[in-house]
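Residue numbers (the numbering used here): 191 to 574.
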Ligand SMILES: C[S@@+](CC[C@H](N)C(=O)[O-])C[C@H]1O[C@@H](n2cnc3c(N)ncnc32)[C@H](O)[C@@H]1O
């Protein structure tokens with residue numbers, strides 16, 4: 191196998207995470223071989239060689255994005271941003287005008303307080319450089335760019351990074367259909383991780399919607415690599431190493447073939463069309479053999495022999511469920527858990543503290559989680 195010098199070079203990277211999953215994100219990076227990992231706000235920094243960076247793209251469950259740092263430069267305004275970007279990457283090698291690109295900017299610097307405006311400055315610096323080299327420029331593609339650039343600005347200056355995925359990593363490719371207020375796949379995977387469920391006991395979601403928690407749990411238990419069925423921007427990078435990528439894919443495949451656990455995973459959904467979506471999504475994820483979805487009211491659900499873990503994301507009454515009697519729903523959910531789930535762990539994502547009290551149960555842990563901009567709590571109840 192070809193091994194170029196670049197394969198062994200350590201790169202600096204950042205895993206961009208949902209708020210509340212920073213520690214879990216750190217553990218995931220370490221388990222997949224990343225080094226010098228440390229938590230940041232809504233992110234984790236790491237170092238990795240290229241094999242590990244590829245592995246993270248194929249196997250990480252929690253990040254939205256994985257960034258590869260390519261340059262750091264002083265930035266105290268528009269002009270230093272412009273020159274920092276022009277000198278930050280060998281554009282002649284990395285961005286031919288036939289390739290499209292997109293720029294995302296986070297943070298601020300003096301005179302650069304609006305990320306949209308800063309992104310425009312970055313774009314101008316790049317296309318001016320391209321015109322100098324080739325007399326032509328790339329087009330911008332916000333949806334499916336060939337090269338996706340990320341610039342972070344703060345008091346210490348600017349950091350230019352390449353985004354390895356292009357589109358967000360939460361898109362695994364299995365979810366053609368969605369019910370009301372679906373959880374993002376990476377957040378659902380993170381909630382399962384935080385629950386400590388390892389795949390050796392039954393797992394039940396009594397209000398499963400389009401099945402995201404169930405599918406991410408099954409994927410974890412079966413050792414599926416979430417990135418196996420999608421493409422990544424890094425496959426078009428100037429230093430992309432085809433052999434190394436294939437090696438990492440084979441490694442992920444082997445892990446999957448060995449399988450891990452075959453737990454019983456059960457969902458319940460009262461809306462027949464949403465229950466059907468959940469079944470279709472489980473099928474598309476190649477996990478329908480592990481997941482059984484029942485159509486009906488959770489009040490009629492019979493839990494399997496336990497103990498096991500119940501996870502759920504009931505309506506909060508904010509975006510959906512405003513027309514329902516949520517007090518009664520949470521009250522009946524608490525009653526079902528107390529009568530049927532003695533010895534089980536019960537985890538509930540609460541976005542409305544006002545109705546969670548109707549469970550009439552006392553949480554032993556309350557983990558703050560940001561769910562699509564909503565301040566939520568992942569609540570743990572040990573059922574006696
Ligand atoms: C917030 S959504 C769950 C979303 C899910 N986590 C996902 O990612 O798709 C809540 C779901 O509970 C279902 N639901 C509401 N009341 C129910 C009941 N009594 N029994 C079963 N399902 C119910 C709703 O139809 C809705 O699909």
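Every residue, glycine too, gets a C-beta built ideally from N, C-alpha and C.
N- and C-terminal bounds of the beta strand (DSSP E) containing residue i
| i | result |
| --- | --- |
| residue 229 | 225 to 230 |
| residue 353 | 347 to 353 |
| residue 483 | 481 to 485 |
| residue 200 | Neither: residue 200 is in no beta strand (DSSP E) and is coded neither H nor E. |
| residue 540 | 535 to 540 |
| residue 558 | 555 to 561 |
| residue 344 | 337 to 344 |
| residue 330 | Unbroken run through residue 330: none, as it is neither H nor E. |
Cβ-heavy atom distance, residue i to ligand 1, below 7 Å
| i | result |
| --- | --- |
| residue 259 | no |
| residue 460 | yes |
| residue 416 | no |
| residue 565 | no |
| residue 493 | no |
| residue 546 | no |
| residue 208 | no |
| residue 378 | yes |
| residue 371 | yes |
| residue 504 | yes |
| residue 488 | yes |
| residue 400 | yes |
| residue 519 | yes |
| residue 403 | yes |
| residue 397 | yes |
| residue 483 | no |
| residue 559 | no |
| residue 275 | no |
| residue 464 | yes |
Run of the alpha helix (DSSP H) containing residue i, from where it starts to where it stops
| i | result |
| --- | --- |
| residue 308 | 305 to 324 |
| residue 528 | 516 to 530 |
| residue 243 | 240 to 249 |
| residue 564 | Unbroken run through residue 564 is the beta strand (DSSP E), 564 to 572; no alpha helix (DSSP H). |
| residue 464 | 462 to 474 |
| residue 576 | Here the chain covers residues 191 to 574 and nothing more, so residue 576 does not appear. |
| residue 544 | 543 to 546 |
Among the options, the one whose alpha carbon lies nearest that of residue i
| i | options | result |
| --- | --- | --- |
| residue 562 | 553, 426, 377, 413 | 377 |
| residue 364 | 405, 328, 428 | 405 |
| residue 425 | 415, 416, 436 | 436 |
| residue 257 | 546, 530, 342, 448 | 342 |
| residue 545 | 518, 457, 381 | 518 |
| residue 452 | 566, 407, 255 | 407 |
| residue 355 | 392, 344, 556, 339 | 339 |
| residue 565 | 203, 210, 277, 205 | 210 |
| residue 232 | 254, 387, 226, 244 | 254 |
| residue 238 | 251, 454, 328, 222 | 222 |
| residue 352 | 538, 520, 392, 284 | 284 |
| residue 346 | 271, 524, 388 | 271 |
| residue 416 | 537, 246, 261 | 246 |
| residue 250 | 559, 465, 362, 261 | 362 |
| residue 537 | 370, 501, 434 | 501 |
| residue 202 | 474, 236, 230, 471 | 236 |
| residue 224 | 230, 244, 207, 528 | 244 |
| residue 385 | 568, 574, 199, 200 | 568 |
| residue 560 | 227, 373, 389 | 373 |
| residue 442 | 207, 486, 241, 199 | 241 |
| residue 319 | 337, 380, 273, 523 | 273 |
| residue 472 | 366, 277, 278 | 366 |
| residue 456 | 207, 476, 492, 305 | 492 |
| residue 313 | 529, 504, 291 | 291 |
| residue 547 | 506, 465, 468, 533 | 506 |
| residue 382 | 234, 281, 218 | 218 |
| residue 288 | 199, 418, 527, 329 | 329 |
| residue 279 | 315, 498, 556 | 315 |
| residue 419 | 464, 474, 333 | 474 |
| residue 550 | 520, 305, 574, 303 | 520 |
| residue 213 | 476, 557, 388 | 557 |
| residue 495 | 398, 459, 476, 534 | 534 |
Residue i Cβ short of 7 Å to ligand 3 heavy atom set
| i | result |
| --- | --- |
| residue 559 | In terms of ligand content, the structure shown lacks ligand 3 and carries ligand 1 instead. |
Query raised in the report: Taking only runs of the beta strand (DSSP E) that begin and end inside the segment 379 to 455, which ones reach a length of at least 3 residues, in chain order?
Result: 393 to 395
**Report entry** Runs of beta strand (DSSP E) wholly within the segment 259 to 304 (minimum 3 residues, chain order)
**Finding:** If we require 3 residues or more, the beta strand (DSSP E) runs fully inside the segment 259 to 304 come out as 291 to 297.
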